[in-house]
Amino acid sequence: MRSDYEFKSNDEQRKGVKGAREEKSPSFSRIVWRRFKSDRFAMAGFYTVLSLFIISYFTPIIANNKPIIMSWEEKLYFPAVTDIAPLKWFVDYPQFKSVDFSEIKYDKSVALVMPPIPYSPYEINLSEKLQPPSHKHWMGTDNLGRDVCSRMLHGAGISLKIGFVAVGIALIIGILVGALAGYYGGVVDLLISRLIEVVMCFPFFFLILSVIAFLPPSIFNIMIVIGLTRWTGIARYARGEFLRLKNQEFTEAARALGVSDRIIILRHILPNSLAPVLVSATFGIANAILIEAALSFLGLGIQPPLASWGGILSLAKQYIEVAWWLATFPGLAIFITVTAYNILGEGLRDASDPRLALPERR
Amino acid sequence: MLIIKRVMLAILFLLAACGSKPDEGGEGSTHTGSGDGTPRRGGTIIRHLESDCKTLNWIRITTIYENYVLRYLYDNLLDYDENLNIIPVLAEEYEVSDDHLRITVRLKDDLKWHDGMPITSKDIRFTMDKILDPAVPALNKEGWFTKLDKLEVVDDKTVVFVWKEPYAPSIYALTQFAPIPEHVYGKGDFLTNPANRRPVGSGAFRFEEWRTSQMISIVRNDLYHGEKAYLDRIIFKVIEDRSVALNALKAGELDEMRVIQVQWEEQTNDQDFLSRFNKYYYYVPGYNYLGWNCRSVWFEDKRVRRAMTELFDRESINAKLYSGYAKLISGPFYINSWAYDKSIKPWPFDPEDAKRLLDEAGWVDSDNDGIRDKNGVKFEFEFSITSSIIAKQFAEILQEQCTKAGIRLKIRMYEGATLFDRMSKGHFDAIAVAWILDLDPDIFDTFHSSQVPPVGLNHVFYSNPQVDSLLELGRVEFDQEKRAQIYNEVHRLIHEDQPYTFVNAVPEKRPIHKRIKNVVISPTGPFNFYPGGIYWYIDDTSQRAER
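Chains as they are written, first to last, in the working numbering: chain V, 1 to 362; chain H, 1001 to 1547.
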């Protein structure tokens, strides 16, 4: 309710300046979405990210050495499909525990339908090491004969997961810290702002490196460490927004009505301050993916045999002159993903900026 | 970084792989064409240094890179020749007493340091004092002389090494002993002596210049006691990245380097390369192994350790990753040594038998979760490696088989020094590393039960009373044939117990430019014997502009 008031006032201002375009006042998120949709570049980024998500979600039926449909003792099973979340948490085939799928997949009477890439990312085949891309291995094989394409797809999920969880952590910390600083101001603001500056001054990559040196390197620790070090930008944006909004009429009205600080922060100001914070979070995701790749490149990230783009790249370093495919595909994937996120973030920023008028952006 | 240490030298990065061209180089000693006959004097060659030296103090060296350089600057009292026989170098002659407790060494006449001062027995005494000085870290040297009782100086040229007890490797210790000059190192603080960066030695070459992280150059020593070297100068160029180094080699900026498998197989077989370089490979004493912590709940049973060996497909690794040029081994000795019993065959790759052994040892999947367990403990262990590519390959190959056999293997990568530290404290479940061996087969430090961490290098906590007594016997037996019997028995027992999975012995691979003549490859390679690379010469300097 109160937030509508704020958006309306924004809209009214715009109407006043640019002339009336809106008959009914739509919600802020709709305006943003409409502006965003009209930005083709941003939409390309959006669709890229979306398709990455879809692909990584369905990876178990795209690249797997388990059949999609298999007949086993006169019954049909779907072992690849049950690798997909949330099925994999509930369905369990104990009878396949000791089954070697890398053998079964060549048996046409058992493996009825195989995924398009019939290799698991962990399936080692030394006789096919370092094969260039072919119809058999679309992106070639690595030094242990594992299918690079399969590893790339499984790595995509890890990269996205790291991006989201790390930035999720950063968002929670950043918004909390920024909100406190912006809302209360004074000494609290002073202390928190200095804290933010102190944290910002750390060469964060080295901070991550030294933390990783003490913790066992695992995907969770990497997420947590990236999250714990990358909240400062978000906190600054949140603080700025809170500073701006805390003296607006709707906040004052809420305060006059005797609403508690907690409710004002969480219900009244926070939803209004999210736009710029989310934009910075989008860039944060791109950044987290890059950091993970860099850590894995240095051998401190994802531990083998898990696949990650940075991990494949670090392998490529050893074989750069004999196996171009090892460097090209993960490099390209990182480039595309990071670019897509950045474009998406930029589009979001433009779309949510009331000062940029709609017609100019095409 | 290769860290070397006493009788056994731990390499944390596993020995890399090799392949192709069996006709070039190989075992036994090889001489390459001596050009048109007589050696030419003059010229400069450029050797590759994979990492800069930390010090050029002979006593304090810790890496093989320092050894590369110091091999030319210092002569040992005794040394191996190209057939691995012991010969006197700085010594004119040596004599071992009947009770094997006294070794008398007489120096050659007119030996001179690079600065012209005479080399005397006082220098030998000074060097020994420094090696045994607890304040001087002499990682690579002090272990040789722990059994030394005292050093007697008879006259200017004669010293007697007196040992506390009969010690079979004592004579080998003298092949690791080169005196350093007292008049240089005796002044001021030993550890910060400027000569640590500007050594004065006794070898066929003397120090010229050291530009940190760039190059070290040495020039011919015209005061040398033996035949003078032919080359004017040897430059050691520091290039840490192997790809960059290979490009430098091809561009003529290096004359030799150690290459890795991919380079050997894929990047050095074109006509142009083969027309300019000879490719050598040779088996340095050492082997890759997987160590199983015998005190851990999983690996205390030798059947489990054998099962792990049978799960690790060493044949395919050798065939595919090393293109057939690594040698399968079954025991802890240098494959070219008399101590190694070739009749003991490595355990085969046999996952079915491994599963049987695991069942037999009581590791069965009782709760049907796909992982074996015993008394409520799951078979789930950490496999510690460095981030080197070969270690990762080993780990991932073993991991795949373990998963199939119902064992969960978690790979944990450590930075080299951290892993070394954990290894020497015995803080690991399983580990993939390598030993560099010495030519004497004494493996007391690594397999005797008294040498468990933190005392010695028996980091897997291996203990077998029979092996213990044999190892003690091997140290006091001086007859080589009898020692061979003792160590063959040790080999057999260790093979049965499998505290390690012995993986392979891997050749070192080194292309050397064809313009360099008189390259002698001993069983241990072109450098680690006397005279090593001292008498290399250049056949035709016009092949390349002098630098």
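Every residue, glycine too, gets a C-beta built ideally from N, C-alpha and C.
Since we're looking at a predicted model, the values are computed, not measured.
Assigned secondary structure, V/PRO118 (DSSP; H/G/I helix, E/B strand, else coil): coil
6 Å CB neighbourhood of H/TRP1363 in its chain, flanking five on each side removed: ARG1372, LYS1374 and PHE1379
Continuous beta strand (DSSP E) assignments of at least 3 residues falling wholly in the segment 1157 to 1183 of chain H: 1158 to 1163
Straight-line Cα distance separating H/ALA1391 from H/GLY1116: Distance between the alpha carbons of H/GLY1116 and H/ALA1391: 48 Å.
Proximal chain V residues relative to H/LYS1374, where beta-carbon distance stays under 7 Å: In chain order: nothing, as chain V lies at least about 18 Å away.
Residues near H/PHE1190 in its chain [Cβ-Cβ closer than 7 Å; skip 5 each side]: LYS1130 and VAL1136
Any chain V beta carbon closer than 9 Å to H/ILE1562: This structure cannot speak to residue 1562 of chain H, because chain H is shown only from 1001 to 1547.
Buried/exposed call for H/GLU1066, threshold 16 Cβ in 10 Å: buried
Three-state class that DSSP yields for H/VAL1519 in the structure shown: The answer is coil: DSSP assigns H/VAL1519 none of H, G, I, E or B.
Chain-ordered residues of the segment 107 to 122 of chain V with a beta carbon less than 8 Å from chain H: Listed by position, the residues of the segment 107 to 122 of chain V near chain H (Cβ gap below 8 Å) are TYR122.
Sequence-distant residues of its chain with Cβ nearer than 7 Å to V/PRO118 (five each side left out): Closer than 7 Å at the Cβ level, and outside the excluded window around V/PRO118, lie ASN65 and LYS105.
Which of helix, strand or coil DSSP assigns to V/GLY347: helix
Buried or exposed by the 16-neighbour rule on C-beta atoms within 10 Å, applied to H/THR1192: exposed
Contact set between the segment 313 to 330 of chain V and chain H, restricted to residues whose Cβ is under 8 Å from the partner: LEU315, GLN318, TYR319, ILE320, GLU321 and VAL322
Proximity of H/SER1561 and H/PRO1454 at Cβ, strictly below 9 Å: The requested residue 1561 of chain H is not part of the displayed model; chain H covers only 1001 to 1547.
Neighbour-count burial assignment, V/ILE61, 16 or more Cβ in a 10 Å radius: buried
Collapsed DSSP secondary structure at H/LEU1151 in the structure displayed: strand
The segment 1103 to 1112 of chain H in contact with the segment 1158 to 1174 of chain H per 3-pair CB rule at 8 Å: yes
Any C-beta of chain H under 9 Å from that of V/ALA213: It does; some Cβ of chain H falls within 9 Å.
Where H/SER1217 sits in the DSSP three-state scheme: strand
Reference H/SER1323, options H/TYR1500, H/GLY1474 and H/TRP1264, closest by Cα: Cα-wise, what sits closest to H/SER1323 is H/TRP1264.
Contact set between V/ASP100 and chain H, taken where Cβ atoms lie within less than 7 Å: LYS1404
For V/ILE289, three-class secondary structure by DSSP: In the structure shown, V/ILE289 adopts helical secondary structure according to DSSP, grouped into three states.
Contact with chain V by H/ARG1412, beta-carbon distance below 9 Å: yes
Cβ-Cβ distance between H/PHE1303 and H/LEU1357 below 9 Å: Strictly speaking, residue 1303 of chain H in this sequence is Arg, with Phe absent from that position. Contact: yes.
Residues that H/ILE1397 contacts on chain V, provided the C-beta gap is smaller than 8 Å: ILE124, LEU126 and LEU144
Chain-ordered neighbours of H/VAL1262 on chain V, where CB pairs are closer than 9 Å: The contact set of H/VAL1262 on chain V, defined by CB atoms closer than 9 Å, consists of LEU130, ASN143, GLN318, TYR319, GLU321, VAL322 and ALA323 in chain order.
Start-to-end residues for the beta strand (DSSP E) that takes in H/TYR1500: Counting along the chain, the beta strand (DSSP E) containing H/TYR1500 begins and ends at 1500 to 1505.
DSSP state of H/TYR1224 mapped onto helix, strand, coil: Note: H/TYR1224 maps to coil in three-state DSSP.
Listed by chain order, chain V residues near H/GLN1271 by CB distance under 7 Å: Under the 7 Å cutoff, chain V gives no residues; its nearest Cβ is about 18 Å from H/GLN1271.
Residue-chain proximity (V/GLY140, chain H), Cβ-Cβ < 9 Å: no
C-beta neighbour in chain V for H/GLU1352, strict 9 Å: no
Proximity to H/PHE1428 [Cα-Cα], best of H/ASN1504, H/SER1384, H/ARG1233 and H/SER1330: H/SER1384
Interface flag, V/LEU300 vs chain H, CB-CB below 9 Å: Judged by the 9 Å Cβ criterion, V/LEU300 is in contact with chain H.
C-alpha distance - H/THR1309 paired with H/TRP1347, whole-angstrom precision: 7 Å
Given 8 Å, three or more beta-carbon pairs between the segment 106 to 114 of chain V and the segment 304 to 319 of chain V: no
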